[in-house]
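>
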Amino acid sequence: MPETLLLFSVHRDAMSTQHLVSRLVLSHIANNMKSPSPVRFGNIGSSRKMEMFPSLSTTPSSSGSAPILIGDDQNLLDEGRKAPILIVDDEPFVADLIYHWVNTVWDYPAIIAHTGEEAIIAMREQHPRMVLLDIQLPDLNGIDVLRAMKSANEYLPIVMVSAQESITVAVEALKAGAYDYLTKPIDTERLQVIIRNALSAYSFHQKLRMLQAELNNRYDFSNIISADPRMHDVFKLMRKACDSDITVCILGESGTGKELVARALHANGPRKDRPFQVINCAAIPHELLESELFGHEKGSFTGAIGRKIGKFEAANGGTLFLDEIGDMDLTLQAKLLRAIQEREFERVGGTESVHVDVRIICATNTDLREAIQERRFREDLYYRISAFPIMLPPLRQRRGDILLLADTFLKRFSKRQGKNVDSISQPAMEAMLAYPWPGNIREIESTIERAVLIADGDVVMLADLPLPIRQYYEARDDESAYEGMKDFFDPAKNKVVLPLEEIKRFAVHHALLACDGNISAASMKLDISRSTMYRFLEQYNIETENGVAIIAKSEEKAVAA
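The letter at position 393 of the sequence shown is residue 442 when you use the numbering used here, and the numbering goes up by one with no holes.
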């Protein structure tokens, strides 16, 4: 059977019989509390003071309005101690009884305040992790104190305590942000469960906020590495955009760090403590993308066994990052346009409009203007999302960042793999500087991770790099071959002019022969994409087998023809 705290007051002008009954009841309560020390009683009266335990004391400030610290709880702020539970009640003996259960029986650190002003000061100075707040206070309304505390710390669990069993008051308290509502006399078993659950929830929110702070620090502008002037121009644009809600469209090749820029915009803006939701429009089939973006209602399609919240709704108050928006199906773009423009949408299978406050950041490696011409992207959506475009240059256009990034990744992966690889050899650096890095930052990151793993000593050697990169160093020995080419194209030495198509055909054949038919390597040597190389192979009737060009067979067929 749950025990109950008997809460009442004894007035100075009370009859002697009432006073005697009160003392007997208090004595009964004290005996059942199993207090380790004798308990002394005093008449509360108008002085509102009572000492139930010999260890109780007050620590007043010079202003006379400081919160009351009980017993040894003055040391709660010492390093390594947990933050206290704040008990706020204008009846001292009521506060002391609650303190006994919270601190003595359940072993939670606790402090007491008797007025709304003291409670607010304690909130500011002692940083409690939970509050038990009486609604009836002598100076301020308990609901107003609740609102003030929640405005200072929205995650702080505050349990309202009242002697009135009023549904109206309880509803008002819960609407104002109260964690729970208790009526006097207090059921101690229920109070213990509420405290345990509230502290667990608050601990979770505290850890979440710490992780969010670490995440925001990780994406601080100072952590984006570049020494290139073009990237410094990008940083200037980012700083101007981060404090605004303007829709940003980040353009750049795959691997240039578009998501990193999006996260930095969020982490350095006013929404940094709110959700950051990411959805890759190219990775999800278009049949499922609408549900992922906007959610769905139960029974809206086969397999929809319950309501699902979409990314738009999950990002409410924060930022939604639409990666690879250029690959979104044309039929879904109209609904996305309305959601961005009106900040409202309907879930799949629903009729109710859902209103959201979301900042939109988009990214794509697609030429959206070209996609508009080819009728793969809506022109009106393009103008809606491209209000503030940010163009990220590829790594081959900012070669000054190659070694800077390589050194950063070298330190990171050396530490992660427990190795002492701290430098890169000169030939390896020269090869990396000559290589075009078609995969951009993502490719150089994976390259250094691999090199650190296979390095035998404390230096990354040329042999530790992948073959396509090593070839760019080895090609330096063939510079003499270019001298004859220079003479051929020198009009003072040669008046013969070859057709452009013949020169292109010769360049493709030569690259494929030099790379032993490896189409990827030949494409990189020619600084063209694989798709362009395959067009040349088809145009020049060059056969392929398992991704390798068969030059000899193609030439035999050409001669036979």
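We treat Cβ as the ideally placed atom computed from N, Cα and C, and that holds for glycine.
Taking C-beta to C-beta, are Ser303 and Gly488 nearer than 9 Å?
Yes, these two residues count as a Cβ contact at 9 Å.
> For Lys199, which residues from the same chain have a beta carbon less than 8 Å from its beta carbon, with the 5 sequence-adjacent residues on both sides left out?
Same-chain partners within the cutoff: Leu205, Ile207, Ala225, Gly226.
> Note down, one range per segment and in chain order, each beta strand (DSSP E) of at least 3 residues found wholly within the stretch 211–294.
Counting whole runs of 3 or more residues, the stretch 211–294 contains the beta strand (DSSP E) stretches 229–232.
> I'd like the list of long-range same chain contacts for Asn190, defined as Cβ closer than 8 Å, with 5 residues on each side in sequence excluded.
Closer than 8 Å at the Cβ level, and outside the excluded window around Asn190, lie Gly165, Ile184.
> Cα separation between Leu511 and Ala483?
Roughly 13 Å separates the two Cα atoms.
> Identify the continuous alpha helix (DSSP H) that holds Ile410 and give its terminal residues.
Careful: Ile410 lies outside any alpha helix (DSSP H), inside the beta strand (DSSP E) at 408–413.
> Alpha carbon to alpha carbon, how far is Tyr157 from Tyr251?
C-alpha separation (whole angstroms): 14 Å.
> Do Ala420 and Val297 count as a contact pair if the criterion is CB distance below 9 Å?
Their beta carbons are not under 9 Å apart, which means Val297 does not touch Ala420 by this criterion.
> Label Lys307 either buried or exposed according to how many other C-beta atoms from any shown protein chain fall within 10 Å of its C-beta, with 16 as the threshold for buried.
It is buried - the Cβ of Lys307 has at least 16 other Cβ atoms within 10 Å.
> With a threshold of 16 other CB atoms inside 10 Å of the CB of Gln390, please say whether the residue is buried or exposed.
Exposed, by the Cβ-count rule.
> The alpha helix (DSSP H) that contains Glu373, what's its start and end?
First-last for Glu373: undefined, no H or E at that position.
> If the criterion is Cβ atoms closer than 9 Å, does the pair Val194 and Leu186 meet it?
Yes, they are a contact pair.
> Cys564: which of Glu592, Lys553, Ser580, Gln520 sits nearest, CA to CA?
Comparing Cα-Cα distances from Cys564 to each of Glu592, Lys553, Ser580, Gln520, the minimum goes to Gln520.
> Using a Cβ-Cβ cut-off of 6 Å (strictly less than) and excluding sequence neighbours within five positions of Val557, which residues of its own chain qualify?
Hits under 6 Å: Phe585.
> Cα-Cα, which of Glu395, Arg323, Ile160, Trp155 is closest to Gln241?
Residue Trp155 is the option with its Cα nearest to Gln241.
> Just the C-alpha distance for Arg392 and Arg408, rounded to the nearest angstrom, thanks.
One C-alpha to the other measures close to 10 Å.
> Excluding five sequence neighbours on each side, which residues of the same chain lie with their C-beta closer than 8 Å to the C-beta of Ser65?
Because Ser65 sits at a pLDDT of 35, beneath the cut-off of 50, its placement in the model cannot be relied upon, and the point is left open.
> When we look at the beta-carbon of Phe462 and count the other beta-carbons within 10 Å, is it buried (16 or more) or exposed?
By the 10 Å Cβ count, Phe462 comes out buried.
> Quick check: the stretch 426–434 against the stretch 454–472, are there 3 or more CB pairs under 8 Å?
Because the criterion of three Cβ pairs below 8 Å is not met, the stretch 426–434 and the stretch 454–472 do not touch.
> Round the Cβ separation of Val283 and Leu441 to the nearest angstrom and send it over; I've been treating them as touching at under 8 Å.
With 8 Å as the limit, Val283 and Leu441 qualify as a contact, their Cβ atoms being about 6 Å apart.
> Taking the alpha helix (DSSP H) that Met481 falls in, what are its first and last residues?
Note, Met481: alpha helix (DSSP H), 475–483.
> Out of Val397, Phe325, Ala383, which one is the CA nearest neighbour of Ile358?
Nearest option by C-alpha distance: Val397.
> Can you look up Gln185 in the DSSP assignment and give me helix, strand or coil?
Gln185: strand per DSSP, three-state reduction.
> Run through DSSP, which three-state label would Asn202 get?
Coil.
> Restricting to runs no shorter than 3 residues, where is the beta strand (DSSP E) found entirely within the stretch 427–492?
You should have 437–440.
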